[in-house]
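Engineer:
Protein chains in written order, with this note's numbering: chain A, 3 to 438; chain B, 2 to 157.
Have a look at this one:
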């Protein structure tokens with residue numbers, strides 16, 4: 003029985019019990035109490051640009067459709083389930099439709115979820131009245147809202163409004179969008195990379211801001227890159243591939259000085275004034291376009307904003323500096339799908355998209371060199387934690403050095419502060435009547 | 002000068018023998034200096050200049066990957082990789098004289114911790130450099146492109 007007391011015993015000040023990663027009952031409870039209540043990222047406005055455009059995804063375990071209404075143009079997030087027998091209505095990852103028709107018995111729905119028709123209706127007492135019966139409609143997800151084109155949904159009827167939930171992470175979404183001279187971004191392609199991770203979803207959420215792992219887990223890629231650069235000779239300019247990969251073999255000091263920031267509700271980010279992206283060069287024509295759009299001072303503010311992996315706990319990580327997001331889709335206690343979506347800065351030169359694509363291919367793609375090393379570490383952690391000879395996972399690094407700044411805490415880049423913060427939020431969500 | 006299907010099929014078989022043997026240095030030299038290897042996420046997203054890819058290497062990345070293969074500091078490279086690729090029915094689908102494109106169905110079995118099967122079509126773009134045939138691009142269209150997938154640890 004997972005009482006509040008039992009759950010509280012799993013999270014210490016500087017450690018968590020291995021069961022949070024490998025107990026199926028805890029996973030189910032997470033789906034109800036975290037993924038069933040928090041605002042979960044569903045999709046970006048540009049993924050459904052036209053009337054009837056839709057994508058399918060999940061909120062926790064629940065299949066949903068994000069669709070743009072053919073009549074109103076409004077974006078809806080609907081349960082992907084027929085109001086009749088529960089059959090999943092949309093099976094493809096994306097498409098365009100005038101409505102949804104169940105493949106089993108032919109019930110049809112408008113893009114706002116309203117029942118449009120039932121075949122051979124005379125067997126029902128009041129076929130016309132069915133169109134007004136809530137139980138026969140596709141259910142709308144209780145709360146749907148967007149911030150600058152980023153659509154989130156919550157399965158809970160009540161809770162904080164989206165902007166209050168996002169808090170300071172809004173600044174990262176702002177920065178990603180404002181890096182476009184027109185203040186607009188568009189997703190690149192209808193199909194994203196989806197990496198199957200043979201481990202718990204929290205492995206990934208932790209890894210995003212784990213500054214102690216790059217020089218170890220990705221040390222080989224850093225060294226391989228350095229070895230290649232050495233073959234080019236001293237006078238040769240470094241290829242852009244080296245610029246992207248090299249920080250992954252960076253020093254502890256480099257990551258320490260980036261800093262960590264822990265925010266309410268388990269959100270966090272690395273960097274701020276400095277990140278692994280802050281040494282990237284910018285094309286002159288892009289800087290000119292930004293200056294013209296925003297003016298010198300505002301342009302400087304936008305381009306010197308250097309956060310790395312802002313995590314909107316539990317479902318989204320934003321990399322504003324390289325215009326990409328990673329989205330967490332839990333499948334089972336030991337399986338997670340990670341989506342990587344890349345964005346085009348509307349009005350920016352092609353060189354910006356080139357770097358975004360380069361980064362994703364080098365770091366995030368299934369065929370990249372960096373991603374598989376992370377994946378293997380997650381896999382080993384999931385398997386290693388089957389051992390019951392040591393029940394605890396340690397997060398004690400810089401345990402007494404957190405800087406409390408009111409609504410946030412900060413620490414050096416290699417501090418475990420962000421993990422401790424994530425698990426305090428986790429415990430808040432998981433224990434009833436508690437505020438995460 | 003038009004291209005000979007039999008010569009190109011023999012070239013591809015020789016290319017795959019290098020991959021099966023994990024003999025990557027001479028395999029990289031089969032590519033032009035601006036040659037690329039890529040694996041699209043979708044048929045409508047096949048242009049590597051415009052879209053993200055499941056896998057993409059240009060020549061610098063091939064050389065970095067060559068250094069990374071089997072690196073003792075890489076956790077994912079701690080496991081042995083054994084692989085076998087088979088092709089059939091290589092067809093020339095475009096022949097401009099200066100260059101040509103072939104499409105070749107393939108199946109690949111990769112042993113990496115467990116056995117993984119891949120299938121699809123290779124789309125090679127060939128050019129001549131002097132007397133030598135070079136690969137300008139090798140596009141690997143997987144049957145399951147766009148589906149969730151685990152790590153792809155080597156070239157297919």
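Ideal placement from N, C-alpha and C gives every residue a C-beta, glycine not left out.
Spell out whether any CB of chain A is found under 9 Å from the CB atom of residue 23 (chain B).
Structural biologist: No, residue 23 (chain B) does not count as interfacial toward chain A.
Engineer: Apply the 10 Å Cβ neighbour rule to residue 423 (chain A) and answer buried if 16 or more other Cβ atoms are within range, or exposed otherwise.
Structural biologist: When all chains shown are included, residue 423 (chain A) counts as buried.
Engineer: Are the region 145–163 of chain A and the region 34–49 of chain A touching, with three or more C-beta to C-beta distances below 8 Å?
Structural biologist: Yes, the region 145–163 of chain A touches the region 34–49 of chain A.
Engineer: Just reading off the alpha helix (DSSP H) that residue 63 (chain B) is part of, what are its end residues?
Structural biologist: Looking at the DSSP string, the run of the alpha helix (DSSP H) that includes residue 63 (chain B) is 60–69.
Engineer: Restricting to Cα atoms, I'd like to know which of A:24, A:348 and A:17 is closest to residue 394 (chain A).
Structural biologist: With distances taken between Cα atoms, residue 394 (chain A) lies closest to A:17.
Engineer: Taking the alpha carbon of residue 62 (chain B) as the reference point, which residue from A:421, A:242, A:158 and A:318 has its own alpha carbon closest?
Structural biologist: When each option's Cα is compared against that of residue 62 (chain B), the closest is A:242.
Engineer: Hey, how far is the Cα of residue 330 (chain A) from the Cα of residue 3 (chain A)?
Structural biologist: So the alpha carbons of these two residues sit roughly 27 Å apart.
Engineer: So residue 358 (chain A) is in the alpha helix (DSSP H); what residue range does that whole segment cover?
Structural biologist: From DSSP, the alpha helix (DSSP H) with residue 358 (chain A) extends over 352–361.
Engineer: Please list the partners that residue 66 (chain B) has in chain A, where partner means a Cβ-to-Cβ separation under 8 Å.
Structural biologist: Result: 226 and 371.
Engineer: Would residue 62 (chain B) count as contacting chain A if we go by Cβ distances under 9 Å?
Structural biologist: Yes, because at least one Cβ of chain A sits closer than 9 Å to the Cβ of residue 62 (chain B).
Engineer: Determine which residues share a DSSP beta bridge with residue 117 (chain B) and list them.
Structural biologist: Answer is B:111, bridged to residue 117 (chain B).
Engineer: What residues in the region 226–258 of chain A have a beta carbon less than 8 Å from any beta carbon of chain B?
Structural biologist: Against chain B - using a Cβ distance shorter than 8 Å - the residues of the region 226–258 of chain A are 226, 227, 229, 230, 233, 241, 243, 244 and 247.
Engineer: Roughly how many angstroms lie between the CA atoms of residue 19 (chain B) and residue 183 (chain A), to the nearest whole one?
Structural biologist: If I take the Cα positions, the gap works out to 47 Å.
Engineer: If you draw a straight line from the alpha carbon of residue 319 (chain A) to that of residue 65 (chain B), how long is it in whole angstroms?
Structural biologist: So the alpha carbons of these two residues sit roughly 27 Å apart.
Engineer: Going straight from the alpha carbon of residue 132 (chain B) to that of residue 112 (chain B), what length do you get?
Structural biologist: Distance between the alpha carbons of residue 132 (chain B) and residue 112 (chain B) is about 36 Å.
Engineer: Under 8 Å, with one C-beta from each stretch per pair, do the region 193–208 of chain A and the region 334–344 of chain A reach the 3-pair mark?
Structural biologist: The answer is yes - the region 334–344 of chain A touches the region 193–208 of chain A, with three or more Cβ pairs under 8 Å.
Engineer: Below 6 Å CB to CB, which residues in the same chain sit around residue 438 (chain A) once its five sequence neighbours on both sides are set aside?
Structural biologist: The predicted model places residue 438 (chain A) with a pLDDT of 48, which falls under 50 and marks its position as unreliable; any figure quoted below should be read in that light. Same-chain partners within the cutoff: 267, 427, 430 and 431.
Engineer: Can you pull the chain A neighbours of residue 151 (chain B), defined as C-beta to C-beta under 8 Å?
Structural biologist: Residues of chain A passing the Cβ test: 197, 198, 200, 368 and 377.
Engineer: Return the CA-CA distance between residue 170 (chain A) and residue 150 (chain A), expressed in angstroms with no decimal places.
Structural biologist: Each residue's alpha carbon lies about 14 Å from the other.
Engineer: Residue 290 (chain A): which of A:305, A:371, A:282 and A:69 sits nearest, CA to CA?
Structural biologist: For residue 290 (chain A), the nearest C-alpha among the options comes from A:305.
Engineer: Would you say residue 46 (chain B) faces chain A, with C-beta separation under 9 Å as the test?
Structural biologist: With 9 Å as the cut-off, residue 46 (chain B) counts as an interface residue toward chain A.
Engineer: The beta strand (DSSP E) with residue 137 (chain B) in it runs from where to where?
Structural biologist: That run of the beta strand (DSSP E) goes 133–143.
Engineer: Classify residue 8 (chain A) as buried or exposed, calling it buried when 16 or more other Cβ atoms lie within 10 Å of its own Cβ.
Structural biologist: That one is exposed.
Engineer: Check the C-beta distance from residue 85 (chain A) over to residue 137 (chain A) and give it rounded, since I have them as a contact under 8 Å.
Structural biologist: 7 Å between Cβ atoms; contact.
Engineer: In whole angstroms, what separates the C-alpha of residue 370 (chain A) from that of residue 312 (chain A)?
Structural biologist: Cα-Cα distance, rounded: 22 Å.
Engineer: Along chain A, which residues have their Cβ under 8 Å away from the Cβ of residue 76 (chain B)?
Structural biologist: Within 8 Å Cβ-Cβ: 219, 375, 378, 379 and 382.
Engineer: Can you find a CB in chain A that lies within less than 9 Å of the CB of residue 106 (chain B)?
Structural biologist: False, the Cβ-Cβ gap to chain A never drops below 9 Å.
Engineer: Closer than 9 Å, CB to CB, is residue 222 (chain A) near chain B or not?
Structural biologist: Closer than 9 Å to some Cβ of chain B, the Cβ of residue 222 (chain A) qualifies, so yes.
Engineer: What whole-angstrom Cβ distance do residue 246 (chain A) and residue 355 (chain A) have, given they're in contact under 8 Å?
Structural biologist: So it is not a contact: roughly 14 Å between Cβ atoms.
Engineer: Considering only their Cβ atoms, is the gap separating residue 146 (chain B) from residue 42 (chain B) smaller than 9 Å?
Structural biologist: Yes, the Cβ-Cβ distance between residue 42 (chain B) and residue 146 (chain B) is below 9 Å.
Engineer: Classify residue 80 (chain B) as helix, strand or coil using the three-state DSSP reduction.
Structural biologist: Note: residue 80 (chain B) maps to coil in three-state DSSP.
Engineer: Assuming residue 333 (chain A) contacts residue 26 (chain A) (C-beta within less than 8 Å), just tell me the rounded distance between them.
Structural biologist: Contact doesn't hold; Cβ gap of about 12 Å is too wide.
Engineer: Compare the C-beta of residue 339 (chain A) against all C-beta atoms of chain B and say whether one is closer than 9 Å.
Structural biologist: It does: the Cβ of residue 339 (chain A) has a partner Cβ on chain B nearer than 9 Å.
Engineer: Would you kindly work out how many angstroms separate the C-alpha atoms of residue 358 (chain A) and residue 391 (chain A), rounded to a whole number?
Structural biologist: Between residue 358 (chain A) and residue 391 (chain A), the C-alpha separation is close to 44 Å.
Engineer: When the Cα of residue 143 (chain A) is compared with those of A:93, A:187, A:23 and A:77, which residue comes out closest?
Structural biologist: Answer by Cα proximity: A:77.
Engineer: When you compare the region 102–111 of chain B with the region 403–418 of chain A, are there three or more beta-carbon pairs, one atom per stretch, that lie closer than 8 Å?
Structural biologist: No: the two stretches stay apart, fewer than three of their Cβ pairs being nearer than 8 Å.
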